[in-house]
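For reference, the structure is listed below as structure tokens.
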Amino acid sequence: MSLSTHVLNTATGAPAAGLTVGLYTGQATLVESGSTNADGRHRFIAELEPGTYRLSFDTGTYLAEAGISSLYPYVDVTFHVTAERGGPDGHLHVPLLLSPFGYSTYQGS
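All residue numbers for the sequence shown refer to this note's numbering, where the first residue is 3 and numbers rise by one.
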């Protein structure tokens, strides 16, 4: 199954470009790491097998580079991959809505 994310800075209404995100297995093994593009998006190359994974967003560095202090140095989103979860196209999308004061995530399409 393929995986993508989209990070939006809800404090500014802009995409979170250049934010580093890592994909880890449930056993904390790094699978892949990259950065969001100008539109705040990142598509992972790795194909995921069923199991538990974690996306770790380096929100502290991203916000600090903008001169903003945040309570959350990292946002970790743990999720479970199943054959059914990706829908007919076999793709899972996990967006992150971010501000210096909080965050939200959901299963996108």
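Each residue gets a CB set at the ideal place from its N, CA and C atoms; glycine is no exception.
It should be emphasised that the depicted structure is a prediction, and the values quoted were computed from it without experimental measurement.
Query	Result
Kindly give me the distance between the Cβ atoms of Val-79 and Arg-56, rounded to whole angstroms, as I take these residues to be in contact under 8 Å.	7 Å
How many angstroms separate the CA atom of Asn-11 from the CA atom of Leu-99?	6 Å
Go to Gly-53, then tell me how far its alpha helix (DSSP H) extends in each direction, as first and last residue.	Looking at the DSSP string, Gly-53 is not in any alpha helix (DSSP H); the run it does join, the beta strand (DSSP E), is 53 to 59.
Grab the span of the beta strand (DSSP E) containing Asp-91 for me, first residue to last.	Per DSSP, Asp-91 belongs to no beta strand (DSSP E) and is neither H nor E.
Just to confirm, is the Cβ distance from Ser-35 to Leu-25 under 9 Å?	yes
Can you give me the C-alpha to C-alpha distance between Pro-97 and Gly-104, rounded to a whole angstrom?	14 Å
Do His-8 and Gly-62 have their C-beta atoms closer together than 9 Å?	no
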